[in-house]
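Heads up: the sequence shown begins at 24 in the working numbering, then just goes up one per residue. Notes follow once the structure below has been shown.
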Amino acid sequence: MRASNHLIGALNFLTFLLSIPILGGGIWLSSRASTTDCLRFLQWPLIVIGISIMVVSLAGFAGACYRNTFLMRLYLVVMFVVIAVLIGFIIFAYVVTDKGSGRALLNRAYLDYYLQDYSGWLEERVASNAYWPKISACVRDSKVCGRMGRSINGVPETPQMFYLRTLSPIQSGCCKPPTECGYIYQNETVWNIGSGAMAANPDCARWSNDQEMLCYACDSCKAGVLASLKKSWRKVSVINIIVMIILVIVYIIAYTAFRNNRKMDNDEPYGEARMTKAQPSRINI
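This is the structure we're talking about:
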């Protein structure tokens, strides 16, 4: 019995450690939200799950150390719910970020982003009139476009050098006009109208060299935010999948150890034959 309690305690300490990367993933998304993505509502499910696992693991650890049956039952029930919620969050994250990606361009290292390539709950939420003004203001205030400037030995980079840069989705979608519009590069955030006719893309008319406007009202900027979100969520989801698999294994082992404890608690004292018991022990949780 003592060995089983030690095993459960060790497993709960392990799940406590596993809650740290989940909580860290939520905090990382929060830091991303304050600088690029600007969608603060997205990191809270991870933070809540991470804190829940941490608290439940401490309860299970205490229950194992002090052989508190109530805490151990509470641990098993709540941990089952947490695992189910984590699985649901992983599925949800992959479903809402399933569609959409940047489009490759001829003679360009960066990608262009189009809102029509995205659809679903996340696209509707980001592009809605209720959310986009706040998101675009947050992107603008992050100064991500203002930090794009580069120079070599005091000389600004040439158009050919800029075309070979790998831009983030936010930089490509919000800080420059779509490539198909035919604007002529002057510097990273200043583009002049070309001699040819512009494309039918509405973003071509929305572009402005005003550094407070740029392409923050463009659909390409919304698509860039969605692409950045997809990248961030996919990175966090990989960690969540690994943690979820470990949690399931730990839960199965802890459940088995707890059942063994219950069997021993329901047996007669040491030295009395088990076959002489008037009522067989029942296994319950």
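In this text, a Cβ means the ideal position worked out from N, Cα and C, and glycines have one as well.
Let me make sure I understand the geometry here. Which of the options has the alpha-carbon closest to that of residue i?
i: G217; options: E211, V108 and Y206; result: Y206
i: L37; options: V79, I70, R170 and V108; result: V79
i: C241; options: N152, V178, N210 and T120; result: N152
i: N72; options: D121, L99, M95 and A107; result: Per the sequence presented here, residue 72 reads as Ile, with Asn not at that position. Out of D121, L99, M95 and A107, A107 has the C-alpha closest to the C-alpha of I72.
i: L34; options: I74, L99, I193 and V119; result: L99
i: K166; options: Q183, C198 and I264; result: C198
i: A150; options: A246, I265, K258 and I276; result: A246
i: T279; options: M95, S75, D164 and G47; result: M95
i: F115; options: R282, I264, A277 and F281; result: I264
i: L129; options: V104, I43, L187 and I110; result: L187
i: V162; options: L134, R131, S195 and P182; result: S195
i: A132; options: P192, T92 and I74; result: P192
i: Y117; options: K258, W155, D140 and C244; result: K258
i: V119; options: D140, F93, E235 and V104; result: D140
i: V104; options: S75, G83 and F281; result: S75
Alpha carbon to alpha carbon, what distance is there between residue j and residue i?
i: M267; j: D226; result: 42 Å
i: S159; j: A250; result: 15 Å
i: I45; j: Y137; result: 31 Å
i: L40; j: M77; result: 8 Å
i: E180; j: N210; result: 8 Å
i: M184; j: L190; result: 12 Å
i: W230; j: Y208; result: 13 Å
i: I262; j: G177; result: 42 Å
i: S260; j: D164; result: 28 Å
i: W110; j: Y239; result: It is Ile, not Trp, that sits at residue 110 in the sequence shown. One C-alpha to the other measures close to 35 Å.
i: C244; j: N215; result: 19 Å
i: L97; j: I113; result: 24 Å
i: W155; j: S42; result: 32 Å
i: Q234; j: I70; result: 35 Å
i: L81; j: M102; result: 11 Å
i: T212; j: G47; result: 34 Å
i: F84; j: F281; result: 12 Å
i: A222; j: K157; result: 28 Å
i: P292; j: A277; result: Low confidence applies to P292: its pLDDT is 46, below 50, so where it sits in the model is not reliable, and the reading given next is rough at best. About 24 Å.
i: A127; j: C168; result: 21 Å
Where does residue i fall in DSSP's three states?
i: R188; result: coil
i: Q183; result: helix
i: Y98; result: helix
i: Q194; result: helix
i: I216; result: coil
i: N35; result: helix
i: A301; result: Caution is warranted here: a pLDDT of 44 is assigned to A301, below 50, making its placement in the model unreliable, and the coordinate value is therefore given only provisionally. Correct three-state label for A301: coil.
i: N232; result: coil
i: N210; result: strand
i: L46; result: helix
i: C244; result: helix
i: G205; result: coil
i: C227; result: helix
Could you confirm whether any beta carbon from chain D is found closer than 8 Å to the beta carbon of residue i?
i: W256; result: Of the protein chains in this structure there is only one, and it is not chain D.
Worksheet item: Which runs of the alpha helix (DSSP H) spanning at least 4 residues fall entirely within the segment 104-151, listed in chain order?
Response: Contiguous alpha helix (DSSP H) elements confined to the segment 104-151 occur at 144-150, taking only those with 4 or more residues.
Fill in: Three CB pairs or more closer than 8 Å across the segment 196-211 and the segment 261-278
In short, these stretches do not touch, since the Cβ pair count stays below three.
Worksheet entry | Stretch pair the segment 168-183 + the segment 140-154: three plus CB contacts closer than 8 Å | The segment 168-183 is not in contact with the segment 140-154.
Worksheet item: Should the segment 253-263 be regarded as contacting the segment 113-123, the criterion being three or more beta carbon pairs within less than 8 Å?
Response: By the Cβ test, the segment 253-263 is in contact with the segment 113-123, since at least three Cβ pairs between them sit closer than 8 Å.
Worksheet item: Can you list, in chain order, the stretches of the alpha helix (DSSP H) that have 4 or more residues and sit fully within the segment 153-177?
Response: Listed in chain order, they are 155-164.
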